[in-house]
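The structure under discussion appears below in the form of structure tokens.
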Amino acid sequence: MSAPASAPLPALPVTFRPGRTRAVLYGVGIAQLAVLTVIAVLLPKLGPGERISFVFTGLIVLGVLLLLARPKVVAHQDGITVVNLTKKRELAWAQVLRVNLRQGDPWVHLDLADGTSLPAMGIQPGIARDQAIRDARTLRALADSHGTGSQPGG
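Position 71 of the sequence shown, counted from 1, bears residue number 71 in the working numbering, the numbering being contiguous throughout.
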């Protein structure tokens with residue numbers, strides 16, 4: 001990711017989400033639930049238990065897809081909130097040393113002051129690569145301006 005031309009930083013708080021990915025997951029989830037519900041209603045030989053299991057299966061699949069649509073990164077005045085699939089982590093700006101999105105990475109990684117790296121699944125280049133790169137650059141600029149972040153080439 002090369003350095004962008006100086007652009008004004010967005011007003012905080014700002015939320016980064018994989019919008020297209022979320023739309024696809026929501027759409028597929030709702031569509032499959034609708035299809036399974038219609039099948040459960042229209043198939044004449046199904047008993048009540050089988051009908052309920054069709055709908056229940058659709059609800060479980062919808063739940064999994066909604067869980068996959070959960071990730072986001074929120075930059076606010078005090079730091080960054082990273083919401084991944086099942087965990088939420090609050091970070092102070094000083095804890096974030098670098099924001100990385102290397103070619104081939106499935107999502108942004110935050111290098112932290114304690115020597116660890118935290119995946120930030122809210123910025124992922126899967127469907128919307130250009131948007132993910134812009135979001136990663138914006139988050140990097142915010143980390144640099146609010147914390148002790150550095151911007152080595154990487």
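Just so it is clear, CB atoms sit at the ideal spot from N, CA and C, and this is done for glycine as well.
Remember, predicted model here, so these are calculated numbers, not experimental data.
Contact check for Phe56 against Ile39 fails: the beta carbons are separated by 8 Å or more.
In the DSSP assignment, Thr57 falls outside any beta strand (DSSP E) and within the unbroken alpha helix (DSSP H) covering 48-68. In the DSSP assignment, Arg20 falls outside any beta strand (DSSP E) and lies within the alpha helix (DSSP H) extending over 19-42. Its chain contains Gln124 as the residues whose beta carbon lies nearer than 6 Å to that of Pro18, once the 5 sequence neighbours on both sides are disregarded; these appear in chain order. Here Ala69 is not near Leu139, since their CB atoms are 8 Å or more apart. Leu110: member of the beta strand (DSSP E) spanning 108-112, first to last residue. Beta-bridge annotation (DSSP): Ser117 is paired with Asp111.
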